[in-house]
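*Asks:* Below: one structure in C-alpha cells.
Residue numbers (the numbering used here): 1181 to 1744.
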C-alpha cells in the first residue's frame, strides 16, 4: 500500500512538473512501441473483417460446418449456405423427376454445389489455421504481452523515481539537521532502496527491449500472413474452377441433347439434329393442318390471324404437343404460324450466304436462262435447307392449284411469303430488310412455285414423319379439297402401334394421287424418269425450252399439211 501511495505521489509531482521524470527507453524503442500499437489495432480490425467473410462459424468443426441438417445447430454454429443450396437443388430435382430437363439440371448442379461447398469448407479451415489464428495471436496475445511489460516498466520507473526523490530529500536533511547519525542511517537505507529499484528497472527494460527488437525483426513474418491469405484464396478458386470445368462440358452436352426445345427462333440444323427429323416440326404440322382444312381458304397467308390464337399455336408447336385439334378450324392462324417460323429462323431458309447469287440469277433477262440460273443456285443449298424448301414449295404448288378459290396464285404467295424465305444479312429491322428485297425475292420465289416439279422432281410425302393419319369423316366449318381421302389429321405415331407404317404408306399414295389429278401438268426433265436427289442426273430443259420445242413441232406439221 505504501509503495502504491509513493507511485501516485511521484506521478502527481511529475504531472505538475515538480519532479523529474526518468526516461529509460531509447528513441528506437519508443518508435517500435508506437509501431506495435498501430500493428495491434490494424491486425485486430483486419481479423474482424476476415471473420465476417467466413460463411461457416469460426472455430466450428468441419462436420458442423458442412453436413448439419439444419441452417443452424443448437449452439448457433452456422451451416454453409452452399450446402443448404445443394440440398435444396437435389431435393427439387428429385421432386421434378428425370423426365424434366429442369429436374435433371437441378440434380447435377446440386451435386456440383455440394463439391463447391466442400472446397469452401476446406478453404475456410485453412484460412483459420494459417491466417486468422496467427493474426489473432499477434493482435490479442503477443503485442499485448509486450505492452504489458511496458506498463510494468513504467511502474518500476515510478518506484525508482520515488525512491530517488526520498533519498535526495534525506541527504539534504543531513546537512541541515541535528541528529546526523540517525539521518545518515535513514539515507543509507533509502540509497539501498534506490539501487534495488534501479536494478528492477534495468532488468525489465532489457526484457522489454529484447521483446520489442524481436517483434521488429519478425515484422516480415507477420506480413507473410497476408501473402498466405492470397495464396489460399487463389488455391480455393483454382480448385472451384476445376470442379466447374470438369462438369460444364457434360452438362452442356446433356442440355444440347435434350429433345424438348423451342423450334421457333432455333437454327434449322440444330432443330433437325436434336429432333432427329428431316422436316421441321412447325412446317410439317402447319402443312398437314392446311392440307385438311385450308386449301380453299381465301387469302391464306395474306389475312392476319388473331394474335392470341397465333401465340397459343406457336407455343403448342414449340413444346411438341399433340393437342392441335382446335387449330384445324382456323387456317389463318396455322398459316400465320408457318410464316412466323420462317421469319424467326436465325438464317433464312434459302440462306443469306447465297443471297447475292439468288439476286443475280433472278436478274437474268432470258426466261429460260433465268430458270436454269435459279436451279443452279437452288442446287447449292445445304441438304436440310433444300429438303425443307422442296417440302414447302411442293405444298405451295399444291395450294396454287386451287387459286381460283383461295385467290393465292404463285405471284401472290411469292409476295407474302418471299420476304420470309430470303433476306440480306444486313443490319436493320425485318420490315426494312423485307422492303429492300421484296421485288427481287418475288422474282425468285414465283417461278420456283410455278415450276415446282421442274425444280424438285422428287416425290414429296407431306406426312414425312408418320405422325398424321387419315381422319374419320367429320363436318368442318371450312371448305376442304374435293377428294375426302386427301384430308389428314395430326396424331402421335405412338398411338398407331403396328399399323403406323401401313397408314403412312397408304396416306403417301393417296396424296400423290391427289397431286396427279391436279390440272397443272408436270414438266419433264432429260435423263431417267422423274429425276433424283440434288446433284444427281442432268438438269434437263427448262419449261420454257419445252414449250418452244412443242411450238416448233406444231409449226412443222402445219407446213407439211399445207404442202400435202
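Beta carbons: idealized from backbone N, C-alpha and C, even for Gly. Bear in mind the structure is a predicted one, so any value in this text is a computation, not a measurement.
#1: Which residue from 1221, 1284, 1372 and 1297 puts its Cα closest to that of residue 1262?
#2: Among 1625, 1527 and 1288, which one has its Cα closest to the Cα of residue 1451?
#3: For the candidate residues 1635, 1488, 1434 and 1234, whose alpha-carbon lies nearest to that of residue 1306?
#4: Would you call the stretch 1575-1592 in contact with the stretch 1552-1567, where contact means no fewer than 3 C-beta pairs closer than 8 Å?
#5: With a threshold of 16 other CB atoms inside 10 Å of the CB of residue 1606, please say whether the residue is buried or exposed.
#6: What would DSSP say about residue 1507, mapped onto helix, strand or coil?
#7: When burial is assigned at 16 or more other CB atoms within 10 Å of the CB, is residue 1486 buried or exposed?
#8: If I follow the unbroken alpha helix (DSSP H) through residue 1558, where does it start and stop?
#9: For a quick check, are the C-beta atoms of residue 1464 and residue 1640 less than 8 Å apart?
#10: What residues in its chain sit with their C-beta under 6 Å from that of residue 1515, if we drop five residues either side in the sequence?
#11: Taking Cβ positions, are residue 1635 and residue 1555 nearer each other than 8 Å?
#12: Can you give me the Cβ contacts of residue 1278 inside the same chain, cut-off strictly under 7 Å, excluding the 5 residues immediately before and after it?
#13: Could you tell me the alpha carbon to alpha carbon distance between residue 1663 and residue 1428, rounded to whole angstroms?
#14: By the 10 Å Cβ neighbour count, where 16 or more other Cβ atoms means buried, how is residue 1477 classified, buried or exposed?
#15: What residue range does the alpha helix (DSSP H) around residue 1462 cover?
#16: So residue 1373 packs on residue 1343, CB below 8 Å; how close in whole Å?
#17: In its own chain, which residues sit with a C-beta less than 8 Å from the C-beta of residue 1336, not counting the 5 before and 5 after it?
#18: Which residues bound the alpha helix (DSSP H) around residue 1771?
#19: Hey, out of 1625, 1213 and 1637, whose CA is closest to residue 1601's CA?
#20: For the pair the stretch 1212-1230 and the stretch 1393-1410, tell me if three or more CB-CB distances fall below 8 Å.
#21: By alpha-carbon positions, which one of 1569, 1471, 1596 and 1483 ends up nearest to residue 1582?
#22: In terms of residue numbering, what span does the alpha helix (DSSP H) encompassing residue 1377 cover?
#23: Of the choices 1289, 1275, 1495 and 1623, whose alpha-carbon is the least far from that of residue 1430?
#24: If you draw a straight line from the C-alpha of residue 1489 to the C-alpha of residue 1462, how long is it?
#25: If you reduce the DSSP assignment to three classes, tell me which class residue 1493 lands in.
#26: Since residue 1508 contacts residue 1469 with CB under 8 Å, what's their CB separation in whole angstroms?
#27: Can you tell me whether residue 1369 is buried or exposed, with buried defined as 16 or more other CB within 10 angstroms of its CB?
#28: Are the Cβ atoms of residue 1444 and residue 1521 separated by less than 8 Å?
*Replies:* In brief:
#1: 1297
#2: 1527
#3: 1234
#4: no
#5: exposed
#6: helix
#7: exposed
#8: 1547-1559
#9: no
#10: 1480 and 1481
#11: yes
#12: 1284
#13: Caution is warranted here: a pLDDT of 41 is assigned to residue 1663, below 50, making its placement in the model unreliable, and no coordinate value can be reported.
#14: buried
#15: 1461-1473
#16: 5 Å
#17: 1377, 1380, 1381 and 1384
#18: The requested residue 1771 does not occur in the structure, where the chain is confined to residues 1181 to 1744.
#19: 1625
#20: yes
#21: 1471
#22: 1360-1397
#23: 1289
#24: 15 Å
#25: helix
#26: 6 Å
#27: exposed
#28: yes
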